[in-house]
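This report refers to the structure that appears directly beneath it.
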Amino acid sequence: MSRVLAASKKSAWIALAIALIIHTALISVQAGRRIDTSFVRTWILDSLTPLEKLVDRSLYGVVRVWDRYFALIGVHDENQELRAKVDELRMQIQQDREDVLEAKRLRSLLELSDSGIGKTVVARVVGRDPARSQTLTIDKGRSHGVKEDAAVITAAGIVGRVIHSSNFSSIVQLIIDSQSAVGVMVQSTRTLGVIKGTGGRELELEYIDDDNDLREGETFITSGQDRIYPKGLPAGVITSVGPRRGLFKTVQIRRKWSALSNGRPWMSLTPIRRRPRRESLLDVSNRDARNNRQICSRARRGSGGSGDTVV
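The sequence shown begins at 37 in our numbering and counts up by one.
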């Protein structure tokens with residue numbers, strides 16, 4: 037484009053120069069000879085007028101194109117600046133929306149803490165193991181009071197439990213894990229049961245007292261009998277009730293939420309409630325042996341050391 041503008045401008049200047057030379061030569065001839073040149077002058081003026089108009093139009097066109105070229109450059113730069121500003125505003129709006137959602141999540145956790153569960157620790161999901169899709173990593177650990185078997189919950193329901201805790205992070209086993217089990221009850225009838233993970237999105241119901249009245253849409257809540265999850269938290273909703281398989285019907289349950297449904301989910305960890313220590317067979321045997329020795333000792337003292345043993 038710049039070459040075309042330069043060529044047009046050069047041609048216009050050449051034509052103007054030729055016209056000026058001819059005009060100057062004619063004036064010189066007229067000054068040297070005092071003759072009547074009205075006819076010649078008229079002819080020259082008539083001949084040069086179209087040429088002068090052509091030169092003037094060419095120069096005007098060149099100047100106009102040149103001005104528009106620079107004007108377009110300015111408009112392009114301004115357009116780029118406006119686009120950058122629009123992108124910046126869009127990013128700010130998105131950040132503001134995320135801040136609002138995050139504030140709502142925190143508010144729901146605070147309300148959950150005030151609902152009678154007790155003191156909780158707010159944690160944030162920082163990672164997910166790609167090899168095990170049933171575990172999450174949170175940003176709270178032993179230094180924050182988090183220990184193994186701590187229940188991880190949200191306002192929407194239970195998430196899972198802590199299976200490993202380091203100083204500043206913990207690994208959470210989700211309730212969908214095939215090794216997970218949660219004590220639950222039907223919210224409407226209070227019928228007790230256990231839901232187990234399948235490794236997928238669905239949960240399965242087992243060990244329920246009475247499955248004859250189960251219907252799709254029934255809500256399960258935690259029973260608190262597993263001594264991990266507080267009582268009364270949403271656990272899932274029945275999606276299908278199949279035929280009986282063995283002792284129990286095939287009941288599919290789905291959670292109403294996903295642990296990673298939001299970009300930066302927040303979770304709350306409940307305080308640990310230690311399970312009562314169960315006696316092993318060895319403990320029972322040792323206890324019985326101690327009791328027998330005590331009985332024998334008392335029997336010897338009572339018999340005056342005769343050596344008789346009372347069993």
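Heads up, the beta-carbon is just placed ideally off N, CA and C, and yes, glycines get one too.
How long is the line joining the alpha carbons of Glu184 and Asp175, rounded to whole angstroms? Each residue's alpha carbon lies about 14 Å from the other.
Buried/exposed call for Ser205, threshold 16 Cβ in 10 Å: Buried, by the Cβ-count rule.
Outcome for Asp249 when other beta-carbon atoms lying within 10 angstroms are tallied against a minimum of 16: Residue environment for Asp249: exposed (fewer than 16 other C-beta atoms within 10 angstroms of its C-beta).
Chain-order list of residues whose beta-carbon lies under 7 Å from that of Ser201 (same chain, five-residue window excluded): Once the five neighbours on either side are set aside, the close Cβ partners of Ser201 are Gly177, Arg178, Val182, Lys183 and Glu184.
Segment limits, beta strand (DSSP E) that includes Ile189: Start and end: Ala187 to Thr190.
Short check: CB of Leu228 to CB of Met221, under 7 Å? Their beta carbons are under 7 Å apart, which means Leu228 touches Met221 by this criterion.
Cα-Cα, which of Ser216, Glu114 and Ile231 is closest to Ile199? Of the candidates Ser216, Glu114 and Ile231, the one whose C-alpha sits nearest the C-alpha of Ile199 is Ser216.
Among the candidates Asn203, Gly272 and Thr286, whose CA atom is the shortest distance from the CA of Ile189? When each option's Cα is compared against that of Ile189, the closest is Gly272.
Once DSSP output is grouped into helix, strand and coil, what is the label at Gln209? Gln209 sits in a strand when the DSSP states are folded into three classes.
Inter-residue Cα distance where the pair is Ser224 and Arg197: Rounded to whole angstroms, Ser224 to Arg197 spans 26 Å at the Cα level.
Which residues does DSSP pair with Val277 in a beta bridge? Beta-bridge pairing links Val277 to Val287.
At the level of alpha carbons, what is the spacing between Tyr243 and Asp262? Answer to the nearest angstrom: the Cα atoms are 13 Å apart.
What does a CB cutoff of less than 8 Å around Glu254 pick up in its chain, not counting 5 residues either side in sequence? Taken in chain order, the residues that qualify are Val222, Gln223, Ser224, Val273 and Ile274.
DSSP three-state assignment for Ser201, whether helix, strand or coil: Assignment of Ser201 by DSSP, reduced to helix, strand and coil, places it in the strand class.
Residues in its own chain within less than 6 Å of Asp165 by CB, not counting five upstream and five downstream? Excluding sequence positions up to five before and after Asp165, its CB lies within less than 6 Å of the CB of Thr171, all in the same chain and listed in chain order.
Identify the residues that DSSP records as bridge partners of Glu240: which are they? Looking at the DSSP assignment, Glu240 forms a beta bridge with Lys232 and Gln288.
Can you check which of these residues, Arg119, Thr286 and Arg160, is closest to Glu240 by C-alpha distance? Relative to Glu240, the option among Arg119, Thr286 and Arg160 whose CA is nearest is Thr286.
Using 10 angstroms around the beta-carbon of Gly236, count the other beta-carbons present and answer buried if the total reaches 16, otherwise exposed. Burial call: exposed.
Determine the contact status of Gly193 and Pro270, defining contact as a CB-CB distance below 7 Å. When the beta-carbon positions are compared, Gly193 and Pro270 come within less than 7 Å of each other.
Assign Ile129 to one of two classes, buried (16 or more other C-beta atoms within 10 Å of its C-beta) or exposed (fewer than that). Using a 10 angstroms sphere on the CB of Ile129, the tally of other CB atoms stays under 16, which defines it as exposed.
Look up Leu172 in the DSSP assignment and say whether it is helix, strand or coil. DSSP places Leu172 within a strand segment (E or B) once states are collapsed to three.
Counting only the same chain and skipping the five closest in sequence on each side, list residues whose C-beta sits under 8 Å from that of Val162. Contacts found: Thr173, Ile174, Asp175 and Ser205.
Relative to the alpha-carbon of Ser214, which residue among Arg226, Thr234, Val230 and Val208 has its alpha-carbon at the smallest distance? From the listed residues Arg226, Thr234, Val230 and Val208, the smallest Cα separation to Ser214 is found for Thr234.
With a CB to CB cut of under 6 Å and the five nearest residues on each side skipped, what residues in its chain are close to Glu315? In this prediction, Glu315 has a pLDDT of 45, which is less than 50 and means its spatial position is unreliable; nothing more can be read from the coordinates.
Where Ala120 and Arg290 are concerned, what is the direct C-alpha to C-alpha distance, given to the nearest angstrom? Spanning the two alpha carbons is a distance of roughly 44 Å.
In this structure, how does DSSP classify Arg178 when only helix, strand and coil are distinguished? Note: Arg178 maps to helix in three-state DSSP.
Under the three-state DSSP convention, the category Arg119 falls into: Note: Arg119 maps to helix in three-state DSSP.
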